[in-house]
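As numbered in this note's numbering, the sequence shown has no gaps in its residue numbers, which increase by one up to the final residue, 786.
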Amino acid sequence: MKPIQFRANITGTGKYLPEKVLSNQDIEKLVDTSDEWIQTRTGIRERRIVKNGQATAEMSTNAIIQLLEKRDISAEEIDAIIVATITPDMMFPSTAAIIQSNIKAKNAWGYDLSSACSGFLFGMQSGAALISSGQCKKVIVVGADTMSSILNFEDRNTCILFGDGAGAVLLEPSEEYGVIDSELRVDGSGGEYLKMDAGGSRLPASHHTVDNKQHFVYQDGKSVFKHAVKGMADISYQVASRNNLMGSDIDLFIPHQANKRIIDAAAKKLGLSDSQVMINIDRFANTTAATLPICLAEADEENMLSLGDNVILSAFGAGFSWGAMYIKWGLPAYA
Ligand code: ACO
Numbered sequence: 452m453k454p455i456q457f458r459a460n461i462t463g464t465g466k467y468l469p470e471k472v473l474s475n476q477d478i479e480k481l482v483d484t485s486d487e488w489i490q491t492r493t494g495i496r497e498r499r500i501v502k503n504g505q506a507t508a509e510m511s512t513n514a515i516i517q518l519l520e521k522r523d524i525s526a527e528e529i530d531a532i533i534v535a536t537i538t539p540d541m542m543f544p545s546t547a548a549i550i551q552s553n554i555k556a557k558n559a560w561g562y563d564l565s566s567a568c569s570g571f572l573f574g575m576q577s578g579a580a581l582i583s584s585g586q587c588k589k590v591i592v593v594g595a596d597t598m599s600s601i602l603n604f605e606d607r608n609t610c611i612l613f614g615d616g617a618g619a620v621l622l623e624p625s626e627e628y629g630v631i632d633s634e635l636r637v638d639g640s641g642g643e644y645l646k647m648d649a650g651g652s653r654l655p656a657s658h659h660t661v662d663n664k665q666h667f668v669y670q671d672g673k674s675v676f677k678h679a680v681k682g683m684a685d686i687s688y689q690v691a692s693r694n695n696l697m698g699s700d701i702d703l704f705i706p707h708q709a710n711k712r713i714i715d716a717a718a719k720k721l722g723l724s725d726s727q728v729m730i731n732i733d734r735f736a737n738t739t740a741a742t743l744p745i746c747l748a749e750a751d752e753e754n755m756l757s758l759g760d761n762v763i764l765s766a767f768g769a770g771f772s773w774g775a776m777y778i779k780w781g782l783p784a785y786a
């Protein structure tokens, strides 16, 4: 008899957005920009920002607590916690370890994974492998970033683009639903276009690195934009078409929310109408690794998905790193 190959099914979602809203009008007071420019060039209206002292592990903990409460399961049932982030609470210990302690998941191991805006997709791939190999029964994949901690609020090229937040999903084995297919890529030759220079082993923190503002996000927006438009559209199309999903077969396309124009290009290539495309960039901006799980949690909460729906996740970010994933939705809609 052929052994059953389990899929990694999303059986729970949770999210956390800080209360504090930073609107485009607020940003107009910080740098030479306008609400009109930001909305037309990016689609962003406002974003959420943590309060002093709040960081990635706390936001992630809140998202996971919401998930566990919705599912009515105990943290002790969790086997592993994978945290995608580029803004860990500290270099070490891992944010996953801090979260494990916060939620008292005493039977879980876990680790952090760094791949910027594609981090959650990469985390999903790792979590899915733990489930389908039979090594784990319940894996939590978190995407969380405190982008305000690495933004230069004097640089209009970057500070308008990002927000803070966290999202989490629970993966469990299923014979029918879950991750069906994916395609993931990195191309390190794009590293120079989007990076944070200092704070790692090559340029440890010093007066010099602080004075030079090297602990902030640097982005050559035009170059990243060009690669992102093509990268996200092509890989989404590749995953959809090889699974015979086109146009009306896709129930929800959940793209990374970096720029509404990048999203529109990918949606056009897939032949989708607006109602098939998840958008929250207007309210939350680009929350880096948190974007996709926040979208999933919102789609779940708002009953945008039904059992068996075809969902395509897609992302492009620093590295360059990018990818797409086809999921057969396995959570019943709320009554
Ligand atoms: N307000 C007003 N004017 C601005 C602003 C601003 N906030 N920012 C830039 N400008 C100006 C520029 O200085 C430039 O002026 P100039 O023509 O006089 O030189 C003009 O607007 C046009 O600038 P562009 O950079 O060409 O603007 P563009 O239309 O490309 O939009 C943006 C910039 C929004 C950053 C876009 O390039 C973009 O979205 N890039 C991709 C972002 C992305 O996908 N990142 C990957 C994920 S993030 C991650 O992985 C962490």
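Using N, Cα and C, we set each Cβ at its ideal position, and we do this for glycine too.
Judged by DSSP in its simplified three-state form, F704 adopts strand. A508 is positioned such that its CB atom lies no closer than 7 Å to that of I537. If only uninterrupted alpha helix (DSSP H) runs of at least 4 residues are considered, those enclosed by the stretch 497-540 are 507-522.
The beta carbon of D700 sits closer than 7 Å to those of N761, all from its chain and outside the five residues before and after it, given in chain order. Cα atoms of A748 and V592: separation of roughly 12 Å, rounded to the nearest angstrom. Using a Cβ distance threshold of 7 Å, S765 and A775 count as a contacting pair.
Here L758 is exposed: its Cβ has fewer than 16 other Cβ atoms, across all protein chains shown, within 10 Å.
Straight-line spacing of the CA atoms in K677 and D671 works out to 10 Å.
Judged by their CB atoms, R522 and G561 are not nearer to each other than the 7 Å cut-off. Here the alpha carbon of S724 sits roughly 14 Å from the alpha carbon of L696. Look at N460 here: in three-state DSSP terms it is strand. Counting only runs that start and end inside the stretch 546-587, the alpha helix (DSSP H) elements of at least 4 residues fall at 546-554 and 570-583. For K664, no alpha helix (DSSP H) encloses it, and the DSSP letter there is neither H nor E. Distance between R607 and W488, taken at the CA atoms: about 11 Å.
With 16 or more neighbouring CB atoms inside 10 Å of its own CB, A741 falls in the buried class. In terms of side-chain proximity, the C-beta atom of R458 is found no nearer than 6 Å to any non-hydrogen atom of ligand 1. Boundaries for T484: no beta strand (DSSP E) harbours it, and the DSSP string shows neither H nor E there. Residue side-chain check: F771 keeps its Cβ at 6 Å or more from all non-hydrogen atoms of ligand 1. Relative to K480, the option among G465, F457, Q551 and E605 whose CA is nearest is E605.
Taking a C-beta distance under 7 Å as the contact criterion, G465 and L518 qualify as a contact pair. At a cut-off of 6 Å, the beta-carbon of N608 counts as near ligand 1: some heavy atom of the ligand is closer than that. Relative to ligand 1, the beta carbon of C568 is positioned inside 6 Å of a heavy atom.
For A559 against D530, the beta-carbon gap comes to about 6 Å, under 8 Å, which counts as contact. Within the same chain, no Cβ atom closer than 6 Å to the Cβ of T491 is found once the five residues on either side in sequence are excluded. Taken in chain order, the complete beta strand (DSSP E) segments of 3 residues or longer contained in the stretch 712-770 are 761-768.
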